[in-house]
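Enquirer: Residue 1562 in our numbering is what sits at position 178 of the sequence shown, and the numbering runs on without skipping anything.
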Amino acid sequence: MKHAELWHTATKSEMYSIYANDRWELVPLPANKKAILCKWVFRYKYISGTEQPKYKAQLVTKGFKQQQGVDYDEILSPAVKMTTLCYLLGVVAANDLELEQMDVKTTFLHRDLCHEDIYMSQSAGFMGMGGDHLVCPLKKSLYGLKQASCMRYEKFNYHIWQLGYRRSNSDPCLYVKRGKDQSRIFLILYMYVMLIVGKDRAANAELKEKIHKNFSMKELRNTRHQHREILCMQIERNRLWKILRLSQQDYVWKVLRTFNIENPKPTRTLLATSIHQQIRTLPYPKRRENI
C-alpha cells in the first residue's frame, strides 16, 4: 500500500489521543447489549500555503445502527451563522482588533456519556489484551455517534459559562464577555475551530490559557504561508488599510484536484445582450502587511 507507514503513524496518533482521554476499558459484552461496530476513515488534509498533505486517520463508530431512545436522545447541535461571522470580522477590521484562532484536537473526545450505555467493538489492528471477544464501553463521545456533536457543544457551553462568558441571544455559537476596561471579548465556536476577538492581547492570552485547561487545543499562528481558516475560507488581513478578506482559493483548488481538472481549458459562455458588465477596481495599498 502506498504511504502505508504514514497511514499507520496516523492511526497510532489517533489511538494515542483516544487512550489519553480515557475513552474506554475492555470488558465482556453484557447479555442484553449489542456492540456497535467501528471503522477507520483515512483522508488527506491540505494546509493553506503548503503542498504536502497531512495524513489523518479517525476511528469512527457506525452510529447509523443506533436506536433512538436506547442509544441516544438529543442530537441537535447549533452552528455559527454566516452573518454573525461576517459581521464580527467586519468589526475586527474596522476597529483594528486582535484576531486569534485555536483548533480543538480530537473534537468529539471530551464529553462524558452519562445517560447511555454504549458498547463498541475493538478496532482492527489494535486488539487489547484479553482477546477479541471483549468490547469497549464508551465513557465519552466518539466520532460517528449521533449525539456526539450535541454533547461536544454542551460541554463547551458549560465550561465557557464558568469563565463568565454569556451566549448571544441571536447566535448560540457567539459568546461575549466584558473586560476590566469595559472592552468586549468575543468568541465564536464552529465545530473544532474557535475565533477569539478582543482589543487586549493579554486578555485573549488569558482566555486561551483557561481553555487549554479543559480542552486539548492547538493555536494557529498566521504566518507567511498559513492564514487563519474557518468554514473552508482563508482569512487574509491587511491592518494598514483595515482590510479583511475571505478567500476560498484553497478550497477551489482542492475541488479541482479531486476531479483532476487542475488545468481546465477556458470556454466561452453566452450572455444576454441586455446585460452590461463593468470592471471596478478597488484601491489597495502598494505595501501589504498581512498580520
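No residue lacks a Cβ here, since even glycine has one placed at the ideal position from N, Cα and C.
#1: So which of A1419, K1583, V1639, Q1546 has the shortest CA-CA distance to L1483?
#2: Confirm, please, whether the CB-CB distance from L1615 to Y1574 is below 8 Å.
#3: What is the rounded straight-line gap between the Cα of Y1471 and the Cα of R1427?
#4: Is it the case that the Cβ atoms of W1408 and L1529 are separated by a distance below 8 Å?
#5: Excluding the 5 residues preceding and the 5 following K1429 in the sequence, name in chain order all residues of the same chain whose CB lies nearer than 7 Å to its CB.
#6: Between L1481, A1508, G1453, which lies nearest to I1502 when the distance is taken from Cα to Cα?
#7: Taking Cβ positions, are S1600 and S1533 nearer each other than 8 Å?
#8: If we ignore side chains and look at the alpha-carbon of each, how far apart do E1458 and Q1531 end up?
#9: Can the beta-carbon of V1577 be found closer than 8 Å to that of Q1633?
#10: Roughly how many whole angstroms lie between the Cα atoms of T1476 and Y1559?
#11: Quick check on the burial criterion: 16 or more other C-beta atoms within 10 angstroms. Buried or exposed for N1588?
#12: Assuming C1470 is part of the alpha helix (DSSP H), what are its boundary residues?
#13: Taking the alpha helix (DSSP H) that A1441 belongs to, which residues open and close that run?
#14: Around the Cβ of R1629, are there at least 16 other Cβ atoms within 10 angstroms (buried) or fewer (exposed)?
#15: Leaving out five residues on either side along the sequence, give the residues of the same chain with a beta carbon under 6 Å from the beta carbon of L1481.
#16: W1625 by DSSP, collapsed to three states: which one?
#17: Am I right that P1410 and L1518 are in contact with their C-beta atoms under 8 Å? What's the rounded C-beta distance?
#18: Just how far apart, CA to CA, sit H1543 and N1598?
#19: Sort P1648, S1525, M1535, W1391 by Cα distance to W1424 and report the nearest one.
Expert: So, to answer that:
#1: By one-based count along the sequence shown, residue 1483 stands at place 99. Of the candidates A1419, K1583, V1639, Q1546, the one whose C-alpha sits nearest the C-alpha of L1483 is K1583.
#2: Within the sequence shown, residue 1574 is the residue found at index 190, counting from 1. Within the sequence shown, residue 1615 is the residue found at index 231, counting from 1. Here Y1574 is near L1615, since their CB atoms are less than 8 Å apart.
#3: By 1-based counting over the sequence shown, the position of residue 1471 is 87. By 1-based counting over the sequence shown, the position of residue 1427 is 43. So the two alpha carbons sit approximately 33 Å from each other.
#4: Taking the first residue of the sequence shown as 1, we reach residue 1408 at position 24. Taking the first residue of the sequence shown as 1, we reach residue 1529 at position 145. Result no, Cβ atoms of W1408 and L1529 do not sit closer than 8 Å.
#5: The residue you call residue 1429 lines up with position 45 of the sequence shown. Non-local beta-carbon contacts of K1429 in its own chain, meaning distances under 7 Å to residues more than five positions away in sequence, involve P1437, K1438, K1440 in chain order.
#6: Position 118 of the sequence shown, counted from the first residue, corresponds to residue 1502. The shortest C-alpha to C-alpha distance from I1502 to any of L1481, A1508, G1453 is the one to G1453.
#7: In the sequence shown, residue 1600 corresponds to position 216, counting from 1. In the sequence shown, residue 1533 corresponds to position 149, counting from 1. Between S1600 and S1533, the gap from beta carbon to beta carbon reaches 8 Å or more.
#8: Counted from its first residue, the sequence shown places residue 1458 at position 74. Counted from its first residue, the sequence shown places residue 1531 at position 147. E1458 and Q1531 have their C-alpha atoms roughly 6 Å apart.
#9: Residue 1577 sits at position 193 when you count from the first residue of the sequence shown. Residue 1633 sits at position 249 when you count from the first residue of the sequence shown. Against a cut-off of 8 Å, the Cβ pair of Q1633 and V1577 comes out as no contact.
#10: Translated into the one-based positions of the sequence shown, residue 1476 becomes position 92. Translated into the one-based positions of the sequence shown, residue 1559 becomes position 175. The identity of residue 1476 in the sequence shown is Val, whereas the question assumes Thr. For V1476 and Y1559, the distance between alpha carbons rounds to 15 Å.
#11: On the sequence shown, position 204 is the one that residue 1588 refers to. N1588 counts as buried, since at least 16 other C-beta atoms from the protein chains shown sit within 10 angstroms of its C-beta.
#12: Residue 1470 sits at position 86 when you count from the first residue of the sequence shown. That run of the alpha helix (DSSP H) goes 1466-1479.
#13: As a position in the sequence shown, residue 1441 is number 57, starting the count at 1. That residue, A1441, is in no alpha helix (DSSP H); its beta strand (DSSP E) goes 1438-1445.
#14: Position 245 of the sequence shown, counting from 1, holds the residue named residue 1629. Exposed is the call here.
#15: Within the sequence shown, residue 1481 is the residue found at index 97, counting from 1. Answer for L1481: V1581, K1583, listed in chain order.
#16: Your numbering for residue 1625 matches position 241 in the sequence shown. Of the three classes helix, strand and coil, the one that applies to W1625 here is coil, per DSSP.
#17: Locating residue 1410 in the sequence shown gives position 26, where the first residue counts as 1. Locating residue 1518 in the sequence shown gives position 134, where the first residue counts as 1. The sequence shown places Leu at residue 1410, rather than the Pro named in the question. Confirmed, Cβ separation roughly 4 Å.
#18: As a working mapping, residue 1543 is identified with position 159 in the sequence shown. As a working mapping, residue 1598 is identified with position 214 in the sequence shown. Each residue's Cα considered, the two are about 8 Å apart.
#19: Stepping through the sequence shown from its first residue, residue 1424 is reached at position 40. The shortest C-alpha separation from W1424 is found at W1391.
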